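Going by full-length UniProt numbering, the first residue of the first sequence is number 1, and it counts up by one from there.
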Amino acid sequence: MRIATWNVNSVRTRAERVVAWLERTGTDVLAIQETKCKEEQFPHAVFEAAGYEVAVVGLNQWNGVAIASRVGIDDVERGFLGQPGFGDPEVVEPRAIGATCGGVRVWSLYVPNGRELDHPHYAYKLRWLEALQREATEWVAASPDLPLALMGDWNVVPFDTDVWDVAAFAGKTHVSPAERDAFAAFADAGLTEVSREHLPAENTYTYWDYQQLAFPKNKGMRIDFAYASPALRARVDSVTIDRDERKGKGASDHVPVILDLAD
DNA sequence: ATGGCCATTGAAAATGGA
Numbered sequence: 001m002r003i004a005t006w007n008v009n010s011v012r013t014r015a016e017r018v019v020a021w022l023e024r025t026g027t028d029v030l031a032i033q034e035t036k037c038k039e040e041q042f043p044h045a046v047f048e049a050a051g052y053e054v055a056v057v058g059l060n061q062w063n064g065v066a067i068a069s070r071v072g073i074d075d076v077e078r079g080f081l082g083q084p085g086f087g088d089p090e091v092v093e094p095r096a097i098g099a100t101c102g103g104v105r106v107w108s109l110y111v112p113n114g115r116e117l118d119h120p121h122y123a124y125k126l127r128w129l130e131a132l133q134r135e136a137t138e139w140v141a142a143s144p145d146l147p148l149a150l151m152g153d154w155n156v157v158p159f160d161t162d163v164w165d166v167a168a169f170a171g172k173t174h175v176s177p178a179e180r181d182a183f184a185a186f187a188d189a190g191l192t193e194v195s196r197e198h199l200p201a202e203n204t205y206t207y208w209d210y211q212q213l214a215f216p217k218n219k220g221m222r223i224d225f226a227y228a229s230p231a232l233r234a235r236v237d238s239v240t241i242d243r244d245e246r247k248g249k250g251a252s253d254h255v256p257v258i259l260d261l262a263d
């Protein structure tokens with residue numbers, strides 16, 4: 001089975017491209033982030049025509065996550081227990097959706113950006129990661145043999161070598177020790193970030209800004225990851241970052257991260 | 001060629017992204 005995660009930066013703009021990619025690569029399950037639409041605006045028909053069922057959560061033009069699967073999609077959960085909200089009035093944003101697909105419990109996650117270190121969004125980001133880590137700890141403890149994947153756009157650069165020039169990020173989000181600690185803490189829940197295990201090379205990126213020729217200059221960031229429970233980790237044969245998907249007109253600024261699983 | 005922001009809302013300019 002092949003499962004993947006991809007921040008598509010608007011699913012309405014890129015539905016045909018995403019589904020063509022799913023079919024071409026033979027991907028069974030895709031965790032999608034930044035759908036940027038309400039559930040009723042989601043291009044359900046494009047996915048269904050290709051044989052994918054979809055579970056969606058979306059409130060407006062911001063955020064939005066989904067899971068597409070051609071191996072079943074059951075026990076859908078929109079948001080996680082204790083998921084923090086943001087704003088006044090406080091809203092629990094559509095940033096997490098879970099479903100069981102082909103025997104794997106998959107979560108599609110879009111971690112808050114943080115904006116600036118002194119912005120309320122940054123404190124929200126840390127709260128959000130901490131709450132997810134707490135909940136993930138419960139999931140693993142409750143079902144230690146369950147294949148579980150926490151996949152998505154984590155908006156954290158775990159190591160200096162996960163960005164083209166860490167000096168350019170001095171005083172900015174994504175690289176702060178608190179964010180890195182919050183990201184690393186998922187290992188304490190018994191999870192392993194399997195893209196790192198299989199693709200340890202430095203300067204291996206999943207995101208390139210649209211501006212200033214970032215992609216041709218390879219000024220990228222590694223911020224899309226997949227944490228796996230022991231039962232899933234043992235089944236990961238290989239991990240691929242599909243860098244080619246950043247090429248050409250109409251690309252998302254993120255590329256897919258793919259996990260090939262043993263049956 | 002992989003090429004100097006993009007998507008959404010709403011109808012100009014603002015918001016968010018990272």
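Don't be surprised by glycine CBs; every beta carbon is placed ideally from N, CA and C. For clarity, every value in this text was computed on a predicted model and none was experimentally measured.
By the DSSP assignment, the alpha helix (DSSP H) with residue i in it spans what residues?
i	result
Glu39	Here Glu39 belongs to no alpha helix (DSSP H), and DSSP marks it neither H nor E.
Ser195	Val194 to His198
Arg180	Pro177 to Ala184
Arg17	Val11 to Thr25
Leu232	Pro230 to Arg233
I'd like to know whether the C-beta atoms of residue i and residue j end up nearer to each other than 8 angstroms.
i	j	result
Arg105	Pro147	yes
Val63	Glu40	Reading off the sequence shown, one finds Asn at residue 63, where the question assumed Val. Not a contact, by the Cβ cut-off of 8 angstroms.
Gly82	Ala136	no
His189	Val140	Residue identity differs from the one stated: residue 189 is Ala in this sequence, not His. Yes, these two residues count as a Cβ contact at 8 angstroms.
Leu191	Leu150	yes
Ala66	Val54	yes
Val163	Val157	yes
Gly79	Ala96	yes
Ser69	Lys36	no
Trp6	His174	no
Ala182	Leu126	yes
Thr206	Ile223	yes
Given that a residue counts as buried once 16 or more other Cβ atoms are within 10 Å of its Cβ, and exposed if not, what is residue i?
i	result
Ser238	exposed
Gln133	buried
Lys247	exposed
Glu193	buried
Gln33	buried
Glu138	exposed
Leu213	exposed
I'd like the span of the beta strand (DSSP E) that includes residue i, first residue to last.
i	result
Trp164	Careful: Trp164 lies outside any beta strand (DSSP E) and carries neither H nor E.
Ala4	Arg2 to Asn7
Asp260	Val257 to Leu261
Going by alpha carbons, who is nearest to residue i out of the options?
i	options	result
Glu90	Pro120, Ala96 and Ile97	Pro120
Ala142	Ala234, Ile241 and Ser229	Ser229
Asp244	Thr161, Ala182 and Trp208	Trp208
Leu117	Asp260, Pro177, Asp165 and Trp107	Pro177
Asp160	Gly26, Ala184 and Met221	Met221
Glu202	Thr25, Pro43, Lys219 and Gly114	Lys219
field: Contiguous alpha helix (DSSP H) assignments of at least 4 residues, all confined to the stretch 85-156
entry: 120-142
- prompt: Can you list, in chain order, the stretches of the beta strand (DSSP E) that have 3 or more residues and sit fully within the stretch 50-81?
  reply: 53-57, 65-69 and 74-78
- prompt: Can you give, in chain order, each stretch of the beta strand (DSSP E) that sits fully within the stretch 206-255 and has at least 3 residues?
  reply: 224-228 and 236-241
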